[in-house]
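A.B. asks: What the sequence shown shows, in the UniProt record's numbering, is residues 1 to 629, in sequence order.
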Amino acid sequence: MVITLDKSNPDLIVSCYNWTFIQKDQFPSEYNQSNIKEDFNLLFQDNIDHQKLKECLRTSVREPNQAVRKFLWKRILIHDTSQLKLTIDKYTQKISVLFGKNLQLKAELPDFVDREHLCFFYLNELGKQAVYRLLNVLASVHPDITFAPLLVPLASLFLHYMNEPECFACLLSVVESNNKITQTDIHWITTNYVFRRFAQKYAHPSYEYLLEALYKQTNDPEMCFEVIDNWQWWIFESLPFNYILNIVDCFLLEGQKTLYRFGLAILDTFYKSTQNRPLSLKINCMKDFCARITIPYERLLKTAFNYRNMSRKDIDSVFQAEEKIIKKMRNKNESITTSAPRPEATDYKKKIYSAILGPFLKSHLIQDLEENHRKLSITSLGQNKTLEKNEKSSSWTSPLKKLVSPGKKWYMNTQNSSTHSFYHHHHPQSNLNLPSFSLETIGSQILCPEQISTLWRWLPTRYQILELQLIYSTNIHGCRLMTLMDKIEYYQSTILVVKTTTNSIFGAFCSMPWSERISKERSYKPKFFGNGETFLFELAPRVEKYEWIGKSEMSKGRTTNSQEMFMYADMEKLVVGGGCEKGVGLLINSDLIYGRTSVSDTFENKILGQEADFEIAVLEVLSFKSAEG
């Protein structure tokens, strides 16, 4: 795509902003007229040199009224102009269906936004309605998005410089990128813990001072950390408009790590600018500081990119460690059922800070407050240690010790069995091949009671004393492999069930957690894993179980490497049953819509269902939980 910048064209100067959506009387007067000064000739080339662009964005400032803003974000996010046209057409069709041909139906914000943090900047009512429409269409295209608060400020900023369909294309690019924004509540929480870890490592004096001064004012540890956890809103809600624009320039090109850097820079700048170090701080101190910031953006920019050893790899490593801990605690404290009511959007804050993590959050607060001097460790949060007296702790943390009874370790208690979705009743050993809970209550939209009973008889005996629960469904959670893994990867064993558009039903019992695809170095290195308990099965139209070939009398336990390819997953596909001589037993693409089945070396199975290439109508994942909780 070649863009020609004609500086003699007055229309270009006027069209720097999309005034249709902007409150012109509220917009800063110094930015009303477009500035034709341009230093970004590299934007107007067929192939952008991203390294040069990154250096340029890291070392220079772009004013809100520079004409280059008409193109900058679109050039960063959209690389295929032919795909852009298809996306724009798709958006036009969607809004007609959702809001009428003349947009006569009023839009409301979808549930994945945080209504306590709505940043519209200088948009007028037309602009706000455009944001509502954009996010509703995005929700319909990506039902897997459950919590993405940053989409509101990003959509609002985009609409200052582009039309509505172009804005949708850019938002879609942001959502479908792997390193831009969090899209689930668990990931949002994880980013906050990652920021705390980095604050302890890179801005330790600033972090410790802020916590101590806040605690002296509030006497409430949870409130102290809520201030810290609002670090992304320091940027999007409180900084001056021109600062936000320049930060977003870097963010769209480099991803989430940019926000961590600027969050740390704000924290350090606040600490350095605080005169006489007051012993207590008000809750809104960071918000007030950002709104009245006096240092030029260039200094904040330099500070942000002066932190060393903060590569994407480093950030991913810490993120994966924190996420793993949080997910494990969620699985202990959350029962997932299809009948569970969806929380109201206004309850998201409560959901984030209480419902999912439960008592785990409180134990983290205690550890963070009492161990301010410990080194950054991405694994220490997973160790459930008894809280001990720390002589190096600051005196201001001592009252917090009353919050826990270390001997009881109450924060590790799991839910009472009365909160379970299904109830287990003990039966004689002879009846272990029949499920002991109500089959109708599982909530599967694929399996009937007879099929569940059949599947139950095929399971290893030790699973037949456990309770079955639905943990994932494409009808509930959307069609995205990343979301599927996010929901299921830390369950010890899972049952994958597929119903095709031709009404075939088949699947796999997966005997190991999908988190095994992550290496000990916490990197995603594609590999097969699993063991001989894994099997494939068919429930319609045939009823058949395909066990590991190593269990057969012919093999006598002697198998080749190609006959031990049980489970595999990467960003593009999920596989159960592989082989070198033959194909894969079951393969599901990343869109969870299409798949393939063939004879595999590992299971010597037939083609599952009626056709080798199939289209998925519904995909579900079931797992187990013990009667004791």
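Idealized CB from N, CA, C, for every residue including glycine.
If you reduce the DSSP assignment to three classes, tell me which class Asn-589 lands in.
C.D. replies: Looking at Asn-589 - three-state DSSP - the assignment turns out to be strand.
A.B. asks: Below 8 Å, how does it come out for the segment 146-157 and the segment 128-137: are there three or more Cβ pairs, yes or no?
C.D. replies: Judged by Cβ distances under 8 Å, the segment 146-157 makes contact with the segment 128-137, as three or more pairs qualify.
A.B. asks: Relative to the C-alpha of Ala-304, which candidate in Ala-203, Leu-154, Val-318 has its C-alpha closest?
C.D. replies: Ranking Ala-203, Leu-154, Val-318 by Cα distance to Ala-304 puts Ala-203 first.
A.B. asks: Can the beta-carbon of Leu-264 be found closer than 8 Å to that of Phe-198?
C.D. replies: Yes, they are a contact pair.
A.B. asks: Quick check: what's the CA-CA separation for Trp-548 versus Ile-607?
C.D. replies: In a straight line, the C-alpha of Trp-548 is about 15 Å away from that of Ile-607.
A.B. asks: Helix, strand or coil for Val-618, going by three-state DSSP, please let me know.
C.D. replies: If DSSP states are grouped into helix, strand and coil, Val-618 belongs with the strands.
A.B. asks: Can the beta-carbon of Lys-272 be found less than 8 Å from the beta-carbon of Arg-312?
C.D. replies: Contact: no.
A.B. asks: Hey, is Thr-81's beta-carbon within less than 8 Å of any beta-carbon in chain C?
C.D. replies: Of the chains in the structure shown, none is chain C; there is only one protein chain.
A.B. asks: Our contact map puts Tyr-472 next to Leu-484 with C-beta atoms below 8 Å; I'd like the distance itself, whole angstroms only.
C.D. replies: Yes, they are in contact, since the Cβ atoms of Tyr-472 and Leu-484 sit about 6 Å apart, within 8 Å.
A.B. asks: When burial is assigned at 16 or more other CB atoms within 10 Å of the CB, is Ile-295 buried or exposed?
C.D. replies: By the 10 Å Cβ count, Ile-295 comes out exposed.
A.B. asks: One question on the structure: do Ile-78 and Ser-173 come within less than 8 Å of each other, judged by their Cβ atoms?
C.D. replies: Closer than 8 Å, so yes.
A.B. asks: When the Cα of Ser-623 is compared with those of Ser-444, Lys-128, Lys-85, Leu-157, which residue comes out closest?
C.D. replies: It is Ser-444 whose Cα lies nearest to the Cα of Ser-623.
A.B. asks: On a CA-only basis, which of Ala-155, Leu-459, Cys-290, Asn-242 is nearest Pro-28? Give me that one, please.
C.D. replies: When only C-alpha atoms are compared, the closest one is Asn-242.
A.B. asks: Between which two residues does the beta strand (DSSP E) containing Thr-500 stretch?
C.D. replies: Per DSSP, Thr-500 belongs to the beta strand (DSSP E) from 494-500.
A.B. asks: Using only CA atoms, which one of Cys-510, Gln-183, Lys-287 lies nearest to Ile-488?
C.D. replies: Among Cys-510, Gln-183, Lys-287, the Cα nearest to that of Ile-488 is on Cys-510.
A.B. asks: What are the uninterrupted segments assigned as alpha helix (DSSP H) that are 4 or more residues long and contained completely in the segment 17-78, given in chain order?
C.D. replies: The qualifying runs are 50-59, 72-77.
A.B. asks: When burial is assigned at 16 or more other CB atoms within 10 Å of the CB, is Gly-585 buried or exposed?
C.D. replies: So Gly-585 counts as buried.
A.B. asks: Comparing alpha-carbon positions, which option in Asn-230, Gln-610, Pro-143 lies nearest Lys-287?
C.D. replies: Nearest C-alpha to Lys-287: Asn-230.
A.B. asks: Ends of the beta strand (DSSP E) at Val-576?
C.D. replies: Run containing Val-576: 573-576, per the beta strand (DSSP E) assignment.
A.B. asks: What are the boundary residues of the alpha helix (DSSP H) that Gln-563 is part of?
C.D. replies: Gln-563 -> no alpha helix (DSSP H), and no H or E assigned at all.
A.B. asks: What number of angstroms, rounded off, separates the C-alpha of Phe-506 from the C-alpha of Gln-83?
C.D. replies: So the two alpha carbons sit approximately 35 Å from each other.
A.B. asks: Which same chain residues end up closer than 6 Å to Glu-538 when comparing Cβ atoms and leaving out the 5 residues on each side of it in sequence?
C.D. replies: Hits under 6 Å: Phe-506, Glu-544, Leu-608.
A.B. asks: Could you pull the start and end residues of the alpha helix (DSSP H) that Tyr-91 belongs to?
C.D. replies: Looking at the DSSP string, the run of the alpha helix (DSSP H) that includes Tyr-91 is 81-99.
A.B. asks: If we ignore side chains and look at the alpha-carbon of each, how far apart do Ser-280 and Asp-114 end up?
C.D. replies: Roughly 29 Å between the two C-alpha positions.
A.B. asks: Does the Cβ-Cβ distance between Ser-317 and Asp-268 come in under 8 Å?
C.D. replies: No.
A.B. asks: Just confirm the distance between the C-beta atoms of Asn-18 and Asn-163, as a whole number of angstroms; I'd bet it's less than 8 Å.
C.D. replies: Indeed, because the Cβ distance is near 6 Å, the residues count as touching under 8 Å.
A.B. asks: How would you write the range of the beta strand (DSSP E) that Phe-509 sits in, first residue to last?
C.D. replies: Segment 505-510, the beta strand (DSSP E) holding Phe-509.
A.B. asks: Can you tell me where the beta strand (DSSP E) holding residue 630 begins and where it ends?
C.D. replies: The structure shown has nothing for residue 630, since the chain only spans 1 to 629.
A.B. asks: Determine whether the beta carbon atoms of Val-575 and Leu-496 lie at a separation below 8 Å.
C.D. replies: Taking 8 Å as the Cβ cut-off, Val-575 and Leu-496 do not qualify as a contacting pair.
A.B. asks: May I ask which residues mark the beginning and end of the beta strand (DSSP E) holding Ala-540?
C.D. replies: Note, Ala-540: beta strand (DSSP E), 535-540.
A.B. asks: Could you check how far apart the C-beta atoms of Leu-466 and Ile-442 are, in whole angstroms? I think they sit under 8 Å.
C.D. replies: Contact doesn't hold; Cβ gap of about 13 Å is too wide.
A.B. asks: In this structure, how does DSSP classify Lys-351 when only helix, strand and coil are distinguished?
C.D. replies: Caution applies to Lys-351, whose pLDDT of 44 falls short of 50 and renders its modelled position unreliable; the value that the coordinates give is listed next. Helix, per DSSP.
A.B. asks: Strictly by DSSP, which residues pair up with Leu-252?
C.D. replies: None; Leu-252 has no bridge partner.
A.B. asks: Report the rounded CA-to-CA distance for Arg-69 versus Lys-85, giving the unit in angstroms.
C.D. replies: Their backbone Cα atoms lie some 21 Å apart in a straight line.
A.B. asks: Is Ala-155 helix, strand or coil when you go by DSSP?
C.D. replies: Residue state, collapsed to three classes: helix.
A.B. asks: What residue from Thr-494, Arg-299, Asn-503, Lys-527 has the CA that sits closest to Pro-513's CA?
C.D. replies: Considering only alpha carbons, the answer is Thr-494.
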